[in-house]
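Written out below as structure tokens is the structure these notes cover.
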Amino acid sequence: MAQIHKSSVRDELDRLRNEFKSLSSQKKVSPEIAMLFSSMFVLMELVCAIFLEKKTKKSDKNSSIPPSQTEKDDSALTDSKTGAKGKGKKEDNRLASNCKTTESVSIATVDTCNICGNDLEGVEPCRHERRTSIDIIFEKVVTHIDAEIKICTFCESTTKGIFPSNMHGKLQYGDGLKAFAINLVVCQMVALGRAQKLIKSMIGQAISETTLLNFIMRLHLSLATWEEQAINALKNSHVMNVDETGLRVDKKNHWIHVYCAGDITLKRLHRKRGKEAIEFIDIVPKYGGIIIHDCWASYFSYENCGHGLCGAHLLRELTFIVNANDYRWAANIKKILIETSKKVSKRKQKKLSQKEYANLQKRYRNIMTRGENELPEIHPSPVGNEDEWLNQMLITYGSD
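Read in order, the letters of the sequence shown correspond to residues 0 to 399 in numbering that gives the first Met the number 0.
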């Protein structure tokens, strides 16, 4: 298939427009023809801007399409020497409080020489070479409490020993097992059925789905105070990041709405993605700071807060503009965004100095000023709107 070079098409369009302007200035074109050609040039500009750019396909690297694979993030806070693609802060490597490590060292002795067979039992080793094996042995801990029941020798009343406060019934599960089950279902997103089978293989006893969900509900209720404090902290923050991601619940599409600022991250599940969910969660409608989002239209409907666009999404859109049009201004903006992101991410306070911010503004304005010379001129329509243009056409050429 033949390829059309967009630069040559635009050059030819500019040449035709200049010739038309020359003829118009010499009054060799009637007003009716001038109006038609002006409208035609506007349409041709739109065709060039839309269809020629379609030659560049959008992907996760140059658009908001969710990426399945990402390149290494040089601005990540993880150790770049490890070669990982990690993003964000390092994981907490502390062991759980109920973990126990049993470590032993044994010696592989040398009693005789492998070459001459000399006795080496009494010879001190010059050095050691160590090899290590790490294994996991799951230990089921069963605690029985037998409460004494006694009959008073004086009044013959019965008195029973007091059970610990965490043992309310005949059988209950410890906090370690509850935490493990919650981690499987909530954090690792393991299906309830699979979590049941895994736990049964460890303790030899099946736990019902209702009991697993009850673990999660109790945790949810115990976090109610924290959640209220987190919402208030989010509303009082100067900048808040908002996003939403899809999740299947009972074979139906739902959305996890994420709100984060500083060290606080709050997630809410809702059936909808747009304004209905935002109103129900009721954080953005009462927020007066700046929300950073991915240009989702529902957020722009709120004028009570400021708006900023996600840097990752901006980089993808700039990549598409560079690939489609090879504009220098887009490449330069992309460059300063990446440079600034790396600089800020490696700082403890995560911000620029006043001088650095002023220099950044100056570079940005210079790039945008030079970019005006690269962009094709979009001429305004000779008439106000479509209805006026149609009426003018009817007056000029008449109607049947």
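Virtual Cβ for every residue (Gly too), placed ideally from N, Cα, C. Keep in mind that this is a model prediction, so the values were computed, not measured.
Counted within 10 angstroms of its Cβ, other Cβ atoms place residue i as buried (16 or more) or exposed
| i | result |
| --- | --- |
| F179 | buried |
| W328 | buried |
| H447 | Nothing in the structure corresponds to residue 447, since the chain is present only between 0 and 399. |
| A190 | exposed |
| V184 | buried |
| A323 | buried |
| I198 | buried |
| Y356 | exposed |
| E18 | exposed |
| E243 | buried |
| I32 | exposed |
| I277 | buried |
CB contact flag (residue i, residue j, <8 Å)
| i | j | result |
| --- | --- | --- |
| V238 | Y258 | no |
| I318 | K333 | For the sequence presented, residue 318 should be read as Thr rather than Ile. Yes. Within cutoff. |
| K177 | F214 | yes |
| I282 | L233 | yes |
| C304 | I280 | no |
| E371 | Y326 | no |
| I144 | P163 | yes |
| K271 | I202 | no |
| G261 | S297 | no |
| T339 | L359 | yes |
| A229 | I181 | no |
Spatial distance of residue i from residue j (CA atoms)
| i | j | result |
| --- | --- | --- |
| L265 | L222 | 12 Å |
| V8 | L15 | 11 Å |
| W254 | E275 | 12 Å |
| R126 | N97 | 36 Å |
| A205 | T158 | 35 Å |
| N235 | H292 | 18 Å |
| I135 | L211 | 24 Å |
| H443 | D174 | The requested residue 443 is not part of the displayed model; the chain covers only 0 to 399. |
| E302 | Q195 | 48 Å |
| V321 | L314 | 10 Å |
| K350 | S207 | 50 Å |
| V343 | H312 | 18 Å |
| L12 | M367 | 24 Å |
| G82 | T100 | Bear in mind that the predicted position of G82 carries a pLDDT of just 48, short of 50, making it unreliable; the figure below should be weighed with that in mind. Roughly 29 Å separates the two Cα atoms. |
| V400 | G192 | Residue 400 lies beyond the range of the chain shown here (0 to 399); nothing can be said about it. |
| K345 | N331 | 22 Å |
| L170 | I161 | 16 Å |
| S24 | S38 | 18 Å |
Which of helix, strand or coil DSSP assigns to residue i
| i | result |
| --- | --- |
| V189 | coil |
| Y258 | strand |
| I144 | coil |
| K169 | coil |
| V238 | strand |
| D118 | strand |
| R93 | coil |
| K149 | strand |
| R272 | coil |
| G305 | strand |
| N252 | strand |
| S246 | According to the sequence shown, residue 246 is Leu rather than Ser. Correct three-state label for L246: strand. |
| T224 | helix |
| T111 | strand |
| A205 | coil |
| Q348 | coil |
| I277 | helix |
N-terminal and C-terminal residue of the alpha helix (DSSP H) that residue i is part of
| i | result |
| --- | --- |
| W328 | R327 to S344 |
| R130 | It is not in any alpha helix (DSSP H) - R130 carries neither H nor E in the DSSP assignment. |
| G175 | D174 to I181 |
| T209 | E208 to S221 |
| I320 | G310 to N324 |
| K361 | Q353 to E373 |
Endpoints, the beta strand (DSSP E) within which residue i is located
| i | result |
| --- | --- |
| L268 | I263 to H269 |
| T158 | T157 to K159 |
| I291 | I289 to H292 |
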